[in-house]
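In what follows, a structure is listed as C-alpha cells, so that the remarks can point back to it.
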Amino acid sequence: VRSPTTSFKSSIEVNNLPESLDWRIRGVITAVNEEVGEIITAVVSTELVETLHAIETGQLIQGSIAQVFDCCPQPIDAFDCIKNMSGICRKNDYPVPLGKCEPNKCQPFATFDTINRMTEPDENKMLIWIQESTLWAEMNTAGEGFRSYSGGIYDVPSCSEGPVDYVVQIVGYGSEEGKPYWLCRISWGEKWGEKGYFRIAR
54 VRSPTTSFKS
64 SIEVNNLPES
74 LDWRIRGVIT
84 AVNEEVGEII
94 TAVVSTELVE
104 TLHAIETGQL
114 IQGSIAQVFD
124 CCPQPIDAFD
134 CIKNMSGICR
144 KNDYPVPLGK
154 CEPNKCQPFA
164 TFDTINRMTE
174 PDENKMLIWI
184 QESTLWAEMN
194 TAGEGFRSYS
204 GGIYDVPSCS
214 EGPVDYVVQI
224 VGYGSEEGKP
234 YWLCRISWGE
244 KWGEKGYFRI
254 AR
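Note that the numbering used here gives residue 236 to position 183 of the sequence shown, counting from 1, and the numbers run on in steps of one.
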C-alpha cells in the first residue's frame with residue numbers, strides 16, 4: 054500500500070538502491086504481535102497501514118486489528134476492505150473484536166490510496182517498493198526447520214511448496230557474509246526467532 058504521491062523508479066535502477074534497509078530503526082514499526090488463525094490477515098494488513106502512516110507523518114500509532122478482523126473477514130480482501138472503510142481506527146478506539154462490524158464505533162486515522170500487487174515473482178520490484186514502505190508476503194510455514202528457527206538466514210532449497218498458511222510483513226533487507234536476505238516480522242511473539250523476526254534468503 055502507498056500514498057498517491059509515491060513514484061517508483063524503473064527496475065533498471067535497482068543497483069542504485071541502498072545495500073540494506075531496516076524500517077525498525079526508523080521508528081515506524083509497532084511491537085511484535087502473537088496471533089494465530091484467521092485473525093492473522095487482519096494483523097498484517099493493519100501493521101502495513103500503521104507503518105505507512107508513521108512513515109508519512111512521523112507518528113507511530115497502533116491500529117485496530119480488531120476493527121479489521123470484524124469488518125474485513127476472510128475471504129474478503131483486507132486491503133480493498135480497508136480502503137473502502139476509508140482506513141483503520143486506533144487500537145484504543147476499537148480494542149477488541151465485537152463479533153460483528155461496528156463501522157461507526159471510531160474514526161479512521163490512517164489510510165492509503167493505492168494497492169500494489171505482485172502478479173509474478175520479481176524481487177527487483179520488491180526492492181524498489183520497500184524503499185517507500187513495508188511489504189505483505191504470503192508463505193507456507195511448514196518448510197524444513199522453519200518453525201524451530203532461532204536465528205540466522207533461513208535458506209532451505211527444498212522450501213515447502215505447500216499451500217499458503219501465513220502472512221508476514223517484510224520490513225527490510227540486507228546481506229550477511231555475502232548472502233542477501235529479506236527481514237520479516239512474523240506474529241509468533243518475541244520469543245520466536247530473532248525477537249519475533251526472521252531473515253530469509255533472497
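Cβ atoms here follow ideal geometry from the backbone N, Cα and C, with glycine treated the same way.
Start and end residues, alpha helix (DSSP H) containing residue i
i                 : result
valine 121        : 118-124
tryptophan 182    : 176-182
phenylalanine 132 : 131-137
glutamate 100     : 92-110
Best match in the options for proximity to residue i [C-alpha to C-alpha]
i             : options                           : result
glutamate 214 : Ser201, Thr194, Tyr202 and Pro233 : Thr194
leucine 188   : Cys125, Asp166 and Lys178         : Lys178
valine 81     : Thr94, Lys153, Asp146 and Gly116  : Gly116
glycine 249   : Phe199, Ile141, Ser186 and Arg170 : Phe199
alanine 84    : Thr110, Ser73, Tyr226 and Val97   : Val97
valine 217    : Gly90, Ile78, Val67 and Ser139    : Gly90
serine 228    : Asn157, Cys134 and Ser73          : Ser73
Alpha-carbon spacing of residue i relative to residue j, whole angstroms
i                : j              : result
aspartate 146    : cysteine 159   : 6 angstroms
threonine 94     : glutamate 230  : 33 angstroms
phenylalanine 61 : proline 174    : For phenylalanine 61, the predicted model reports a pLDDT of 45, less than 50, meaning its position is unreliable; a value from the coordinates is still stated below. Approximately 17 angstroms, taken between the alpha carbons.
leucine 151      : leucine 180    : 38 angstroms
glutamate 191    : tyrosine 219   : 6 angstroms
glutamine 184    : proline 71     : 9 angstroms
histidine 106    : glutamine 222  : 15 angstroms
isoleucine 168   : serine 240     : 22 angstroms
threonine 59     : glycine 205    : Low confidence applies to threonine 59: its pLDDT is 43, below 50, so where it sits in the model is not reliable enough to give any reading.
valine 209       : tyrosine 234   : 13 angstroms
glutamate 176    : proline 161    : 32 angstroms
alanine 131      : cysteine 125   : 6 angstroms
serine 201       : isoleucine 253 : 14 angstroms
tryptophan 118   : arginine 77    : Sequence check: residue 118 is isoleucine here, not tryptophan. C-alpha separation (whole angstroms): 20 angstroms.
isoleucine 135   : cysteine 142   : 10 angstroms
One or two residues paired with residue i in a DSSP bridge
i            : result
tyrosine 147 : None; tyrosine 147 has no bridge partner.
proline 233  : Ser228
arginine 238 : Gln222 and Tyr250
leucine 74   : Tyr226
Beta-carbon gap between residue i and residue j smaller than 8 angstroms
i             : j              : result
glutamate 100 : isoleucine 114 : no
leucine 236   : glycine 225    : yes
glycine 140   : threonine 164  : yes
glutamate 155 : aspartate 123  : yes
Start-to-end residues for the beta strand (DSSP E) that takes in residue i
i             : result
alanine 254   : 250-254
glutamate 191 : 188-192
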